[in-house]
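Heads up, the thing below is written out as structure tokens.
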Amino acid sequence: MMHPAFEAFSTSVLPILDIAGTAVFAVSGALAAARERLTILTFMFFAAITGVGGGTVRDLLIGAPVSWMHNSTGITVCMVCALLVWFTPGRLWSERAVDWFDGMGIAAYGVYGAAKAIAYGIPPVPAALMGIVSACMGGIFRDVLAGVPSIIIRPELYVTAVALSSCSYVLLTKAGCDTTLAAAIAIFAGFALRALALLKGLSLPHYRK
Amino acid sequence: MMHPAFEAFSTSVLPILDIAGTAVFAVSGALAAARERLTILTFMFFAAITGVGGGTVRDLLIGAPVSWMHNSTGITVCMVCALLVWFTPGRLWSERAVDWFDGMGIAAYGVYGAAKAIAYGIPPVPAALMGIVSACMGGIFRDVLAGVPSIIIRPELYVTAVALSSCSYVLLTKAGCDTTLAAAIAIFAGFALRALALLKGLSLPHYRK
Amino acid sequence: MMHPAFEAFSTSVLPILDIAGTAVFAVSGALAAARERLTILTFMFFAAITGVGGGTVRDLLIGAPVSWMHNSTGITVCMVCALLVWFTPGRLWSERAVDWFDGMGIAAYGVYGAAKAIAYGIPPVPAALMGIVSACMGGIFRDVLAGVPSIIIRPELYVTAVALSSCSYVLLTKAGCDTTLAAAIAIFAGFALRALALLKGLSLPHYRK
Chain A
1 MMHPAFEAFS
11 TSVLPILDIA
21 GTAVFAVSGA
31 LAAARERLTI
41 LTFMFFAAIT
51 GVGGGTVRDL
61 LIGAPVSWMH
71 NSTGITVCMV
81 CALLVWFTPG
91 RLWSERAVDW
101 FDGMGIAAYG
111 VYGAAKAIAY
121 GIPPVPAALM
131 GIVSACMGGI
141 FRDVLAGVPS
151 IIIRPELYVT
161 AVALSSCSYV
171 LLTKAGCDTT
181 LAAAIAIFAG
191 FALRALALLK
201 GLSLPHYRK
Chain B
210 MMHPAFEAFS
220 TSVLPILDIA
230 GTAVFAVSGA
240 LAAARERLTI
250 LTFMFFAAIT
260 GVGGGTVRDL
270 LIGAPVSWMH
280 NSTGITVCMV
290 CALLVWFTPG
300 RLWSERAVDW
310 FDGMGIAAYG
320 VYGAAKAIAY
330 GIPPVPAALM
340 GIVSACMGGI
350 FRDVLAGVPS
360 IIIRPELYVT
370 AVALSSCSYV
380 LLTKAGCDTT
390 LAAAIAIFAG
400 FALRALALLK
410 GLSLPHYRK
Chain C
419 MMHPAFEAFS
429 TSVLPILDIA
439 GTAVFAVSGA
449 LAAARERLTI
459 LTFMFFAAIT
469 GVGGGTVRDL
479 LIGAPVSWMH
489 NSTGITVCMV
499 CALLVWFTPG
509 RLWSERAVDW
519 FDGMGIAAYG
529 VYGAAKAIAY
539 GIPPVPAALM
549 GIVSACMGGI
559 FRDVLAGVPS
569 IIIRPELYVT
579 AVALSSCSYV
589 LLTKAGCDTT
599 LAAAIAIFAG
609 FALRALALLK
619 GLSLPHYRK
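Protein chains in written order, with the numbering used here: chain A, 1 to 209; chain B, 210 to 418; chain C, 419 to 627.
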């Protein structure tokens, strides 16, 4: 059911985006476990649910086999990230540094999710949403389970950066742009917006009626 | 895999129930975002997750393709509702008025969910439960993400009204009643019970042992 | 898509494990509703979501039809458990007794989930994880909906016991051990570890960096 053009693309750029996104999310899950002073097993649980959670929801929605059920790379990356965070000193993982890696992860995953949805024949609007789901749902699971306010409630430009990345990929490819070029531009745009948000504290206006 | 009788029914009454339910839930999601003073993007996110969340879980459970992945109407309705709530004055959306629309939405969606499950060959008991899942799960997602006590914990007759609507549709159609007539009776019954709950504060007894 | 060896096994040991696990989880769900002094309908809702929630997530992930959509036994067991807890005096259900039954339930369900995943062609690592998901996800849903800290956050050996049960089943069967014998050993191991945790308060060390 996979489109042939996607198969070619999927042997070059996409696996790297996938692993990059998964690793970044897994680390942020393990760090949430560290903040709560949890155990090694819960480190792994949080790394897994944050790392593969978004992609799992996307795969279920688009009707694809859930990727980590058939290929152990994703889940192995999560376990390695959990052990890494557990065994290294906490000060290595400054919140600031993680935010920057996370910014790259969400931009990459926003594109990856949209690209996979398109490959499964999903129309543009829901495909762009699948990029957002891929990049944000793992973090939402992490926050709900840790009992902290979810990322989607933060006014800061976070989901917006993912949306920029995911929507611009969909628009560029629909406009006939080469998939690899479109991915590069879209990831750069999403990451640049997130970087601006981190540096300047940019945020969306709140509802005030 | 869709039953032919359902296909006919599905071109008349069901799409209206579906849109009505989705719109009402989307508005309630956007209003939850308004109460938390969130941003336009989170308005959309809450509208979407409340509007299509219940139907998504139902589709995954009964093994149907997730509807909003293949037809953009549902998700477009959610976006329009989010913009509507964002751009209109808050006093237009009195809690009381929303409760009444919501009462119609849950009664309609309880029937729609059960009817779709039956069309996919699900037996009566789980089919009736699919009506409840369709109508209530979006609201549960909304409440968990907003960090407020879930609707299913409220003693007020809410899930009960959905259950009445969904179960009476299943029983009437099993008894040989015409689907459109069964839908009309079931929606009326569910809405009437919810109306009584709103007017008289009817609620189920609490556990007291 | 089901492996023939699993079909034989599935007519002997597995259905008992499945019903045992479902019943225990359903009771723990109903008791959560009792602690919150909820209504009979929410008793049923909590019993259902705790009883069949973990298995539902497992079935969606491994690509199996969701079991309680096609066979009403599971959901019926949940309803009966909800009524049982509602109509019997609360002192019958001492927390201590429930913990012991729950210990048996999670050990059994850890094996059941892994066995079903293997039968659907899932590789060892994700199959072992499916045992953990089957046994723990229902409890996570229960805790998130009730607004209490999730079981996976408790330092006590709980998920660890499930992991022991699920992983040892996968390892033993991969090593060529008879499935029924492997199931017996794995359930015993998981339950023994959970029993030690209950008796001696064994727990995993916390993160302290």
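Positions of the beta carbon are idealized from the N, C-alpha and C atoms, including for glycine. All of these numbers come straight from a predicted model, not from anything done at the bench.
Between the beta-carbon of M484(B) and the beta-carbon of L61(A), is there less than 9 Å? Lying before the first or after the last residue shown, residue 484(B) is absent from chain B, which here runs from 210 to 418.
Test item: CB-CB of S568(C) and L41(A) under 9 Å: Within the third sequence, residue 568(C) is the residue found at index 150, counting from 1. Within the first sequence, residue 41(A) is the residue found at index 41, counting from 1. Their beta carbons are not under 9 Å apart, which means S568(C) does not touch L41(A) by this criterion.
Between V484(C) and G319(B), what straight-line distance do the alpha-carbon atoms span, to the nearest angstrom? Translated into positions along the third sequence, residue 484(C) becomes position 66. Translated into positions along the second sequence, residue 319(B) becomes position 110. Going from the Cα of V484(C) to the Cα of G319(B) covers about 20 Å.
Alpha helix (DSSP H) segment containing Y207(A), residue limits: Locating residue 207(A) in the first sequence gives position 207, counting from the first residue. Here Y207(A) belongs to no alpha helix (DSSP H), and DSSP marks it neither H nor E.
Beta carbon proximity, R403(B) to chain A, threshold 9 Å: Within the second sequence, residue 403(B) is the residue found at index 194, counting from 1. Chain A, which has no Cβ nearer than 9 Å to the Cβ of R403(B), makes this no.
E304(B): contacting residues in chain A (beta-carbon distance under 8 Å): Translated into positions along the second sequence, residue 304(B) becomes position 95. Within 8 Å Cβ-Cβ: nothing; E304(B) doesn't reach chain A, min ~15 Å.
Of all the CB atoms in chain A, is at least one closer than 9 Å to the CB of H415(B)? Numbered from its first residue, the second sequence carries residue 415(B) at position 206. By this cut-off, H415(B) is not an interface position.
For G283(B) versus G264(B), is the C-beta spacing smaller than 9 Å? Position 74 of the second sequence, counted from the start, is the residue given in the question as residue 283(B). Position 55 of the second sequence, counted from the start, is the residue given in the question as residue 264(B). In contact: G283(B) and G264(B) (Cβ atoms closer than 9 Å).
Can you tell me whether S237(B) is helix, strand or coil according to DSSP? Locating residue 237(B) in the second sequence gives position 28, counting from the first residue. S237(B): helix per DSSP, three-state reduction.
Select from S584(C), P507(C), F559(C) and L510(C) the residue whose C-alpha is nearest the C-alpha of P544(C). Looking up residue 544(C) in the third sequence gives position 126. When each option's Cα is compared against that of P544(C), the closest is S584(C).
Looking at F186(B): is its Cβ nearer than 9 Å to the Cβ of G348(B)? It is not possible to answer for residue 186(B), since the shown part of chain B is limited to 210 through 418.
Is DSSP giving S621(C) helix, strand or coil here? Position 203 of the third sequence, counted from the start, is the residue given in the question as residue 621(C). Strand, per DSSP.
Give the secondary structure of F191(A) by DSSP, where H, G and I count as helix, E and B as strand, and everything else as coil. Counted from its first residue, the first sequence places residue 191(A) at position 191. If DSSP states are grouped into helix, strand and coil, F191(A) belongs with the helices.
Close Cβ partners of A186(A) (< 6 Å) along its chain, the five nearest in sequence each way excluded: As a position in the first sequence, residue 186(A) is number 186, starting the count at 1. Here the set comprises V111, S165, S168 and Y169.
Is T50(A) close to chain C? Criterion is C-beta to C-beta, closer than 9 Å. To locate residue 50(A), count along the first sequence from 1; it is residue 50. So no, T50(A) is outside the interface.
Where do the ends of the alpha helix (DSSP H) carrying T76(A) lie? Residue mapping note: residue 76(A) aligns to position 76 of the first sequence, counting from 1. Per DSSP, T76(A) belongs to the alpha helix (DSSP H) from T73 to F87.
Evaluate T598(C) with the Cβ neighbour count: other Cβ atoms within 10 Å of its Cβ, from every protein chain shown; 16 or more gives buried, anything less gives exposed. Numbered from 1 along the third sequence, position 180 holds the residue referred to as residue 598(C). Exposed, by the Cβ-count rule.
Quick check: the region 438–456 of chain C against the region 301–320 of chain B, are at least 3 beta-carbon pairs closer than 8 Å? no
If contacts are defined as beta-carbon pairs under 8 Å, then S551(C) and R612(C) qualify, I think. What distance do you get, rounded to the angstrom? Position 133 of the third sequence holds residue 551(C). Position 194 of the third sequence holds residue 612(C). It should be noted that the sequence gives Val, not Ser, for residue 551(C). Not confirmed; about 17 Å, so no contact.
Checking the sheet assignment: what are the DSSP bridge partners for E574(C)? As a working mapping, residue 574(C) is identified with position 156 in the third sequence. Answer is S621(C).
Measure the Cβ-Cβ separation of A326(B) and G340(B) and say whether it is below 9 Å. Residue numbering aside, residue 326(B) sits at position 117 when the second sequence is read from its first letter. Residue numbering aside, residue 340(B) sits at position 131 when the second sequence is read from its first letter. Yes. Within cutoff.
Residues of the region 484–507 of chain C in Cβ contact with chain B at a cutoff of 7 Å, in chain order, please. V484, W486, M487, S490, I493, W504 and P507
For L622(C) versus L575(C), is the C-beta spacing smaller than 9 Å? As a position in the third sequence, residue 622(C) is number 204, starting the count at 1. As a position in the third sequence, residue 575(C) is number 157, starting the count at 1. In this structure, L575(C) lies closer than 9 Å to L622(C) by Cβ.
Endpoints, the alpha helix (DSSP H) within which T474(C) is located: Counted from its first residue, the third sequence places residue 474(C) at position 56. Element bounds for T474(C): I458 to I480.
Under 6 Å Cβ to Cβ from V470(C), same chain only, skipping five residues before and after it: list those, please. Residue numbering aside, residue 470(C) sits at position 52 when the third sequence is read from its first letter. The answer, listed in chain order, is W486 and G492.
Would you list, in chain order, the members of the region 227–261 of chain B that have their beta-carbon closer than 8 Å to a beta-carbon of chain A? A242, A243, E245, R246, L247, T248, I249, L250, T251, F252, F254 and A257
Determine whether the Cβ of G190(A) lies closer than 9 Å to any Cβ atom of chain C. Translated into the one-based positions of the first sequence, residue 190(A) becomes position 190. Chain C, which has no Cβ nearer than 9 Å to the Cβ of G190(A), makes this no.
What is the residue span of the alpha helix (DSSP H) that D706(C) lies within? Residue 706(C) is absent from the model: chain C starts at 419 and stops at 627.
Going by the beta-carbon positions, is the gap between A82(A) and G29(A) smaller than 9 Å? On the first sequence, residue 82(A) is found 82 positions in, with the first residue counted as 1. On the first sequence, residue 29(A) is found 29 positions in, with the first residue counted as 1. Yes. Within cutoff.
Return helix, strand or coil for P15(A), following the three-state DSSP convention. The residue labelled residue 15(A) in the question sits at position 15 within the first sequence. In the structure shown, P15(A) sits in a helix (DSSP, three-state: H, G or I).
Out of H624(C), A532(C) and A602(C), point me to the one whose CA is closest to V431(C)'s CA. Residue 431(C) sits at position 13 when you count from the first residue of the third sequence. The option with the nearest alpha carbon to V431(C) is A602(C).
Would you say G147(A) reaches chain C, if we count a Cβ-Cβ gap shorter than 9 Å as a contact? If you number the first sequence from 1, residue 147(A) lands on position 147. By this cut-off, G147(A) is an interface position.
Where does H488(C) sit, in a helix, a strand or coil, going by DSSP? One-based indexing of the third sequence puts residue 488(C) at position 70. It is coil, neither helix nor strand.
Residues within the region 330–361 of chain B neighbouring chain A, beta-carbon criterion of under 7 Å: V353, L354 and G356
Out of curiosity, what's the CA-to-CA distance linking G577(C) and I570(C)? Stepping through the third sequence from its first residue, residue 577(C) is reached at position 159. Stepping through the third sequence from its first residue, residue 570(C) is reached at position 152. Checking the displayed sequence, the identity of residue 577(C) turns out to be Val instead of Gly. Rounded to whole angstroms, V577(C) to I570(C) spans 7 Å at the Cα level.
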